[in-house]
Structures are given as structure tokens and as C-alpha cells.
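Here my numbering is used: the first residue of the sequence shown is 2, the next is one more, and so on.
We put the beta carbon where it would ideally sit given N, CA and C, even for glycine.
Worksheet: one structure, shown below.
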Amino acid sequence: MIVVDTNVIGYLFLSSNQSLSAERALQKDIEWVAPVLWRSEFRNVLALYMRKNIIDLEQAQIIMNNALKLLKGREYQVPSSEVLRLASESKCSAYDCEFIAVANDLKVPLVTVDKQLLREFPSVAVSLSAFSK
2 MIVVDTNVIG YLFLSSNQSL SAERALQKDI EWVAPVLWRS EFRNVLALYM
52 RKNIIDLEQA QIIMNNALKL LKGREYQVPS SEVLRLASES KCSAYDCEFI
102 AVANDLKVPL VTVDKQLLRE FPSVAVSLSA FSK
């Protein structure tokens, strides 16, 4: 089991230079988890792709449904007190600290490409490239 951030989820479902690494990470560990927040963040990514005419509405809906299937039953609510504690001890956003909070609670790594998370939480965060090797 690993926690993945929204970027990693996006790389799996939207073609990018990180897509192969995301696919390898899924092959290495198929049990991906995330805070419920990932849904809003991912919908925002899909909206941006639609605005840029990279995908259309139907494609966005299919991608969202596939991502929901991947994470079904593995989405977590996180206590505000823990998120705020992590944010107060770092320079990371509260949004990013939700992913760290889930990883801490489950005692599993957070796989991310976020340099700030990797720098601020080196005992929890692992880079997508390192994980997917």
C-alpha cells in the first residue's frame, strides 16, 4: 500500500513524461490510497485539460470514473488538527499535508513528484522516479 498524490494519479491517467513511471509504480504496488481531497484536485486538473482542448467532457468523465475505480474504498478523511500541525511544522500547504497525514496514519510512504514535500518530509515522501525503479 502507498499513498499517492494527485499528480501521480494524473500521470497515470493523462499522458505525460511521467506516465511510464506512474504505470511502473502501479505495477509495483496496486493498492493506491489518498485523502478524499484528491477528487477535487483531480477534477480541477481535468477541467484545465478541457479548457486547453486537450480532452473533451466525455473523455474527462471517463478518466474521472477510471480514477475513482482505482481508489474505490481507499480514500481517507484526515483530522484537521493533524493537517494543521503538519502545515505549522513545514512550508507545505494544508492540501499537501493531507497526503502526508494519510501516509503517517497508515505508516506507508507517500509517492510524489512534489519537491517541497520530498524536502520537508523525507522520512515519509518518496519520489515517483525512485519508487518506480
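In the DSSP assignment, S82 falls within the unbroken alpha helix (DSSP H) covering 81-89.
Residue state for E76 is assigned as strand, using DSSP reduced to three classes. I3 carries a strand assignment under DSSP once its states are collapsed to helix, strand and coil. When rounded, the separation of the alpha-carbon atoms in L111 and L58 is 30 Å. A check of alpha carbon separations from V79 across R25, V4, P36, D6 identifies P36 as the nearest.
A131 counts as exposed, since fewer than 16 other beta carbons sit within 10 angstroms of its beta carbon. Within the same chain, D6, C93, D97, F100, I101, L111, A126 come within 8 Å of L118 by CB-CB distance, once the 5 residues on both sides are set aside. Residue Y77 holds the alpha-carbon nearest to the alpha-carbon of L107 among F122, Y77, L129, V114.
Using a C-beta cut-off of 8 Å, the region 5-25 makes contact with the region 39-47, since at least three inter-stretch Cβ pairs fall below that distance.
Looking at the DSSP output, S128 sits in a beta bridge with T113.
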